[in-house]
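Residue numbers (our numbering): 25 to 264.
Positions of the beta carbon are idealized from the N, C-alpha and C atoms, including for glycine.
To start, the structure under review is shown below, and the notes come after it.
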Amino acid sequence: MQPAGNLALAGAMRSAEVDVNRLEIVAFDQLRVDTYGQMKQEISDRLALNPTPTDDERLLGTYTEALEPQVREATMAMRSKGYNTIASGFHGTDDNWRVLGIDNPARDYDPSYRRGQIMDFREPFTLSSETRLALKAIGAEIPEYPGLQDQIVRIGFTPTSPDIDTIGTQWNAIADLLPDTGIPSSPRMETLEAHGFGVYCPPDVSWPVEDFNAIAANAASAVAPASSMGGETSPGQPIS
């Protein structure tokens, strides 16, 4: 039986850990708020100056400015290698989007896993054990889901610091490790059939989405049928 003093010390240490973890959660939540504020301005500027989507953006189904900045380079790199991404970045504050399977050492104190970063893929794929080990070595996690065996539909990680550039560097390192499939990624047309080319955001983010998409739809219709595309989302935006 432990002395009362040791029990009290252990309790105090757990309490301190909870407090530190809460501060970390607040920092990551604020980073997400700041990031979406920056994106809102970037999208507004893009629509005002050059709303016509590029060929890559038409395949993506949205503007690159509508991708969270920490995943933009990695998303385009993965798609260039044949990986069909469908959602990426902060998973948001909705418990339905928590990072299931990500090895978070503080999961007891962070039940919504709001610090997590994820990349979701439309088609499952496999990786060699060597690539899996290399990804693990840089902090990446590959959740396992029943029925998929060794097939991959999500890669994620828990950032060590609420710094958007640091998070982006880690995403780029993950993208670098993925081998080229030799097969071009397909247009997003089958993924979000209910949506055309446009801008999408999580339900807790206040953007003038209808105004954005009125401009985006007109610009996209001049180069391709808007009904044939569906945009890349952030994980907090439900995929239907």
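- Judged by their CB atoms, Arg146 and Ile110 are nearer to each other than the 8 Å cut-off.
- Per the coordinates, the alpha-carbon of Pro232 lies some 40 Å from the alpha-carbon of Arg156.
- Here Ile49 carries a helix assignment [DSSP, helix/strand/coil].
- Comparing alpha carbon positions, the residue from Leu73, Met102 and Glu154 closest to Thr205 is Met102.
- Between the C-alpha atoms of Gly180 and Val95 there is a straight-line separation of about 12 Å.
- Judged by DSSP in its simplified three-state form, Val177 adopts strand.
- Cβ atoms of Gly113 and Glu89 stay farther apart than 8 Å, at about 13 Å.
- Counting along the chain, Ile239 sits inside the alpha helix (DSSP H) bounded by residues Val233 to Ser245.
- For Ser104, no beta strand (DSSP E) segment is defined; the enclosing uninterrupted segment is the alpha helix (DSSP H) at Arg96 to Ser104.
- Per DSSP, reduced to three states, the secondary structure at Arg139 is coil, with no helix or strand assignment.
- Where Ile166 is concerned, there is no enclosing beta strand (DSSP E), because DSSP gives it neither an H nor an E.
- Excluding the 5 residues flanking it on each side, Ile239 has same chain C-beta neighbours closer than 7 Å at Leu71 and Pro75, in chain order.
- Here Gly171 has no same chain residue with a Cβ atom under 6 Å from its own Cβ, once five neighbours each way along the sequence are excluded.
- In the three-state reduction of the DSSP assignment, Thr150 falls in the coil class.
- Relative to Gly222, the option among Ser104, Ile67 and Leu47 whose CA is nearest is Ile67.
- Secondary structure at Thr109: strand, using DSSP grouped into helix, strand and coil.
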